[in-house]
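Structure first, then comments.
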Amino acid sequence: MKLFFGNVFSSLNSGVSSLLSFFAVCFGYMMMFSCMFVSSCEVIEFELWSGYGSSIMLSLLFDEVSVIFGGVVLVISGSVSLYSKWYMDDEVFYWRFMLIIYAFVGSMLMLIFSANLISLMLGWDGLGLVSFLLVCYYQNSSSLGAAMITVLTNRVGDVLILSSIGLMSSWGDWLVYNRVIFNDLGYVGFFVVVAGMTKSAQMPFCSWLPAAMAAPTPVSSLVHSSTLVTAGVYLIIRCYPLCSDSSGSMFFLKVMSLLTLIMAGMSGSLETDFKKIIALSTLSQLSIMMFAVSVGLPMLAFFHLITHAT
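Residue numbers (full-length UniProt numbering): 1 to 310.
Here it is as structure tokens:
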């Protein structure tokens, strides 16, 4: 009886997973198709809590950039989830693996559609946690070491975003798309740029991406080769009004992206592990995106981001 119900629930969970993945793919294509007819920018606010003369609002930004990238994330995530159904069906903790993938999708969408740094920080931290759980999925010493490198490197970006939130608290808001003139704008721009470099594995934070290939193969294709590592590039593109006035930050990003490009190309030509070769190839593409942002072409970097992810 226990075996019978176990098989029934296993089949039910598998069917639900496939249905959710198929729905994500269809909805992602609908989002990208809708951008052909929408050219406006909308900010939607939800009141999460109100009391004692104050309130907590959740602001979501819907424009061409966020909707297109959100659709790409849904399409890729749904496709990889369908592939995982076949590739990892024999795994003991397959359903736990799928739950972590869904948590990744939710964190990524929170990051993409956030209109201020506080709600963006929720998605950013969620990505760091999910990345750690996925890299150490196989529960061996090699995976644990790679997961520790990944999470500790990303903690640097968390501290810098929290520092940016603290500096922006004197401005009256934390919106990522406003261009304002304040004395500490240069510090905010620099902190955001370096935070994006940590998530997108630019020098000197590039060691975690090849190490993260210890994760399962679907994770390598979804998280660490197409979508999660582009979160840093997307952060700088979204916060470009805050970063563009800091010429020193843009010059620093330009130099580091060029050094990363050279390092990734040379390392990839000498590497023998196929998954690490893919990671280093991704790293070189990320450095090109960062360089495009640093020279004042954020939309070109976004175009490259979308084409590389797909």
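From the three backbone atoms N, C-alpha and C, an ideal C-beta is built for every residue, glycine too.
By the neighbour-count definition (other C-beta atoms within 10 Å, threshold 16), Phe37 is an exposed residue. Setting aside the 5 residues that flank it on each side, Leu122 is surrounded in the same chain by Met110, each with a C-beta closer than 6 Å to its C-beta; the list follows chain order. In the same chain as Leu160, and ignoring 5 residues on each side of it, the C-beta atoms closer than 7 Å to its own belong to Phe191, Val194 and Ala195, in chain order.
Two segments are said to touch when three or more pairs of C-beta atoms, one from each, lie closer than 8 Å; by this definition the stretch 213-220 touches the stretch 135-153. Ile100 is positioned such that its CB atom lies closer than 7 Å to that of Val130. Taking a contact as a CB-CB distance under 8 Å, the pair Met289 and Val233 counts as one, their CB atoms being some 5 Å apart. A residue is called buried when at least 16 other Cβ atoms come within 10 angstroms of its Cβ; Trp86 does not meet this threshold and is exposed. With contacts defined by Cβ atoms closer than 7 Å, Thr198 and Val73 do not form a contacting pair. Boundaries of the alpha helix (DSSP H) harbouring Thr260: Ser247 to Leu270, taken from the DSSP string. Under the three-state reduction of DSSP, Val92 is assigned to coil, being neither helix nor strand. Looking from the CA of Leu82, the closest CA among Tyr102, Ile118, Val67 and Gly71 belongs to Tyr102. Collapsing the DSSP output to three states places Asn116 in a strand.
Annotation: the continuous alpha helix (DSSP H) that includes Ser79 extends over Glu64 to Tyr87. The beta-carbon separation of Ala264 and Ser287, rounded to 7 Å, stays under the 8 Å limit for a contact. Between Gly70 and Met31 a beta carbon distance of about 6 Å is seen, short of the 8 Å cut, so the two are scored as contacting.
For Leu48, the three-state secondary structure derived from DSSP is strand. When the five nearest sequence neighbours on each side are left out, the beta carbons in the same chain lying within less than 6 Å of the beta carbon of Gly186 are those of Ser246, in order along the chain.
Remark: C-beta atoms of Gly268 and Leu280 approach each other more closely than 7 Å. Restricted to the stretch 122-209, the alpha helix (DSSP H) segments that are unbroken, complete and at least 4 residues in length are 141-168 and 185-199, listed in chain order.
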